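Q:
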Amino acid sequence: MNKASLTQDVPPDRVEAMEKIIERPKPVKVMILGGVDTGKTTLTVYLANALVEQGLKVAIIDSDVGQKGILPPATISLALAEAPFSSLGELSPLKHYFVGTVTPNQHFAEMVVGVTRLARLAQEVADVVLIDTTGLVHGPGVELKRMKIEAVGPDIVLALDREGELAPILKPFEGKLDVVKLQVSDKARSYSRGERRDMRREKWRAYFRGVRPITLDLSKFVITGTSLFQGRPLSEEEKGLLEGIFKWLILHGRKVGGRYFIVKADVGEGPRSVDRNVLRYIDFDRLSNILLGLIDEDGFCLGLGILKLLNFGDMKAEILTPLDDGELARVKEIRFGRMRVREDGEELGLLDRDAL
1 MNKASLTQDV
11 PPDRVEAMEK
21 IIERPKPVKV
31 MILGGVDTGK
41 TTLTVYLANA
51 LVEQGLKVAI
61 IDSDVGQKGI
71 LPPATISLAL
81 AEAPFSSLGE
91 LSPLKHYFVG
101 TVTPNQHFAE
111 MVVGVTRLAR
121 LAQEVADVVL
131 IDTTGLVHGP
141 GVELKRMKIE
151 AVGPDIVLAL
161 DREGELAPIL
171 KPFEGKLDVV
181 KLQVSDKARS
191 YSRGERRDMR
201 REKWRAYFRG
211 VRPITLDLSK
221 FVITGTSLFQ
231 GRPLSEEEKG
241 LLEGIFKWLI
251 LHGRKVGGRY
261 FIVKADVGEG
271 PRSVDRNVLR
281 YIDFDRLSNI
291 LLGLIDEDGF
301 CLGLGILKLL
311 NFGDMKAEIL
321 TPLDDGELAR
331 VKEIRFGRMR
341 VREDGEELGL
351 LDRDAL
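Take 1 as the starting number for the sequence shown in full-length UniProt numbering and just add one per residue.
1) Label I262 either buried or exposed according to how many other C-beta atoms from any shown protein chain fall within 10 Å of its C-beta, with 16 as the threshold for buried.
2) In terms of residue numbering, what span does the alpha helix (DSSP H) encompassing M199 cover?
3) Could you tell me how far apart the beta carbons of G34 and A167 are, in whole angstroms, since I believe they sit closer than 8 Å?
4) Mind checking whether K203 and K68 have CB atoms under 8 Å apart?
5) If V102 and G66 are in contact, beta carbons under 8 Å, what's the gap, nearest whole angstrom?
6) Whose CA, out of K181, R162, I149 and G194, lies closest to the CA of P172?
7) To test your reading of the DSSP string, which unbroken beta strand (DSSP E) runs of 3 or more residues are found completely within the segment 124 to 170?
8) Three or more C-beta pairs under 8 Å: does that hold for the segment 87 to 99 against the segment 298 to 305?
9) Compare the Cα-Cα distances from S185 to each of R338, L351, G337 and L43 and report the closest residue.
10) How should K176 be labelled, buried or exposed, when 16 other C-beta atoms within 10 angstroms of its C-beta is the threshold for buried?
11) DSSP state of E333, grouped into three classes?
12) Are the beta-carbon atoms of P322 and G210 separated by less than 8 Å?
13) Ordered along the chain, which non-local residues of its own chain (more than five positions away) have a Cβ less than 6 Å from that of G345?
14) When the distance is taken between beta carbons, is M147 closer than 8 Å to L218?
15) Could you have a look at G268 and say whether DSSP puts it in helix, strand or coil?
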């Protein structure tokens, strides 16, 4: 299920925006801003089709990590629109950038870097680059959008401004950017959190359909997105001391800088008040079903995997992935995400940025 599809009922200001894009020297980068359920993706689909009909090469960057049209979720994706289409889900992705979660909170760096890198790539192959963004436009979302605009440098910003809610984002760019404000259609539908979760479940299920189990030798890959393998291993003395104090079975431990990072299982009742400036820990069972990005030599995401078992002693990981052998041969890096999801699409929760 996709939230947006092509419509023929087009308000006049959308047509004017399309004509403005056509008039600009190419390549032209267009960033689409708006809160939740303001019709950003519907606008993207309309513009892409209208521009393709004009004979232009159109690239679409889908950065709405939680409500992705171009699969999979938890990534930022680039696709080329070379023929008419009805929804983003029909497009074949050209590149992905791994974010590792379905919410941009705590992941501003990945969001900005991903959109910026894909925009650079897109303008090399397209006349028009359309950038569809998340609906996070309040609180920290203001800073996220500001950083995206500064990093990408769009030629045009299309602002679906509902009751002036985009003013804090747009104000710093007054007189500097070509901002086109558009009315939010009264036909724009609102979706509940439950509906959004159900839509993601369907998309996860579609992406992971046909996954297969594989075993990876982690020593052959660069491991990023986690402190699990940074620093030095615990000494036996350190391990024994921590196990005795906290009544843990320590399955893996490192000293990273001045802090200990522990993977543990509880074996008894012990003190649970921990100074996180000295010690961080995660329960071993919370490592299962963590989302992984399978990354190529250029830092782009070839596809996703789900971690099922991590054997620290042998440095082996059992994962599920839809990638074939040819794609897996191109993987140079394993990047840990910050959410847990099953292959049937059920989301098991988000992890804090510093959890790993």
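Even for Gly, the Cβ is constructed at its ideal location relative to N, Cα and C.
What you are looking at is a predicted structure, and each value in this text was computed from that prediction instead of being measured.
A: The answer reads as follows:
1) Label assigned to I262: buried.
2) Where M199 is concerned, the enclosing alpha helix (DSSP H) stretches over R193 to F208.
3) About 13 Å separates the two Cβ atoms, so there is no contact after all.
4) For the 8 Å CB-CB criterion, K203 and K68 form a contact.
5) Here V102 really is in contact with G66; their C-beta atoms are around 4 Å apart, less than 8 Å.
6) Taking only the C-alpha atoms, the option nearest P172 is I149.
7) The DSSP assignment places complete beta strand (DSSP E) segments of no fewer than 3 residues inside the segment 124 to 170 at 128 to 132 and 156 to 160, in order along the chain.
8) Contact between the segment 87 to 99 and the segment 298 to 305 is present, because at least three Cβ pairs lie under 8 Å.
9) Comparing Cα-Cα distances from S185 to each of R338, L351, G337 and L43, the minimum goes to L43.
10) Looking at its Cβ environment, which holds fewer than 16 other Cβ atoms inside 10 Å, K176 is exposed.
11) Three-state result, E333: strand.
12) Less than 8 Å divides the Cβ of P322 from the Cβ of G210.
13) Taken in chain order, the residues that qualify are R201, W204 and R205.
14) No, these two residues do not count as a Cβ contact at 8 Å.
15) In the displayed model, G268 falls within coil according to three-state DSSP, outside both helix and strand.
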